[in-house]
Amino acid sequence: MNYRTIIIDDDKVICMLINKLLDKSKLSKAMIFNQATEALQLLIDNDSELNHYLIFLDINMPVMSGWEFLDALNDKSLKSNIYVSIITSSINQTDKEKAEGYEYIFDFLIKPVKLEDIESFEQYHFLSPFHKKD
């Protein structure tokens, strides 16, 4: 089994911050994509039942938004196991409600993401393989 963490956000500072928080938490550092199209291609090219992805996804991005990325995932019917945590600066309740309609999404975080947000992932048993081994 392969477990990879991915950050998809067009803001390089946010990506760096989240990766630092991952390093301080029990989760492994992530691969960073500043464009959702590149991350989508990686998922398509490496689609397998053996692959598991934890994705931190911004919803407001140029070229391909987080919503468009999620729609593309649904259209592709990938075999990989994908778990998505939305990371957004949007405080719009309709975004949170829209997120509930996507099967891949398990969490919705408002920026700035804090260490306790990442540490709260320990409550999700399906994410335990993504944690660093002591």
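With the numbering used here as the guide, the letters of the sequence shown map in order to residues 12 to 145.
C-beta atoms are modelled at their ideal positions from N, C-alpha and C, and glycine is treated no differently.
Comparing C-alpha distances from Phe132 to each of Ser59, Asn13, Leu32 shows the shortest one belongs to Leu32. Nearest to Met27 by C-alpha distance, out of Val124, Ile93, Asp128, is Val124.
In the DSSP assignment, Val95 is bridged to Ile66, Ile116. In chain order, Val74 place their CB closer than 6 Å to the CB of Gln46, counting only its own chain and leaving out the 5 sequence neighbours on each side. Lys87 places its beta carbon 9 Å or farther from that of Ile129. Distance from Ile98 to Ile116 at the Cβ level is roughly 11 Å; contact not present, criterion being Cβ atoms closer than 8 Å.
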